[in-house]
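Novice: Residues -6 to 67, numbered by the working numbering, are exactly what the sequence shown covers, in order.
For reference, the structure I am asking about is given below.
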Amino acid sequence: MEPEELDAYFREIAPLVEHCRFSDCTHRQEIGCAVRAAVKAGDVDPGRYESYLRLWEEHEALVKATYGKQRETG
């Protein structure tokens, strides 16, 4: 799953992503993150935000595991 696909499952988050200051924003701690600003303002439910982050972290772990296996067998 690509990050754009994950965004599609979080309809309240998807339109915010394009307003982040940095195009590679992870929505965790970057300055100018529109997603975090919306959570802080109460426009995005904190539980949904946490779910989004968990899925994003699982995606990153899977990519790292897959890449690591490819390098070992490569």
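Just so you know, even glycine gets a beta-carbon here, dropped at the ideal spot from N, CA and C.
Since this is a predicted model, take the numbers as computed values, not measurements.
If you run the structure through DSSP and keep just helix, strand and coil, what is Asp0?
Specialist: Here residue 0 corresponds to residue number 7 of the sequence shown, with the count starting at 1. It is helical.
Novice: Quick check on the DSSP output: the alpha helix (DSSP H) that includes Arg29 runs from which residue to which?
Specialist: The residue you call residue 29 lines up with position 36 of the sequence shown. Residues Ala27 to Ala34.
Novice: Measure the beta-carbon distance from Leu(-1) to Ala31 and round it to whole angstroms, keeping in mind my assumption that it falls under 8 Å.
Specialist: For this step, residue -1 is matched to residue 6 along the sequence shown. For this step, residue 31 is matched to residue 38 along the sequence shown. The pair is not a contact, with the Cβ atoms about 16 Å apart (cut-off 8 Å).
Novice: Which class does Arg41 belong to by DSSP, given the choice of helix, strand or coil?
Specialist: Stepping through the sequence shown from its first residue, residue 41 is reached at position 48. Arg41: helix per DSSP, three-state reduction.
Novice: Assuming the contact rule is C-beta atoms closer than 8 Å, Asp5 and Arg41 should be a hit. Round their C-beta distance to whole Å, please.
Specialist: Indexing the sequence shown from 1 puts residue 5 at position 12. Indexing the sequence shown from 1 puts residue 41 at position 48. Looking at the sequence shown, residue 5 is not Asp but Glu. At roughly 7 Å, the Cβ-Cβ gap stays under 8 Å, so Glu5 and Arg41 are in contact.
Novice: In the structure shown, what three-state DSSP assignment does His52 receive?
Specialist: Your numbering for residue 52 matches position 59 in the sequence shown. Three-state DSSP puts His52 in a helix.
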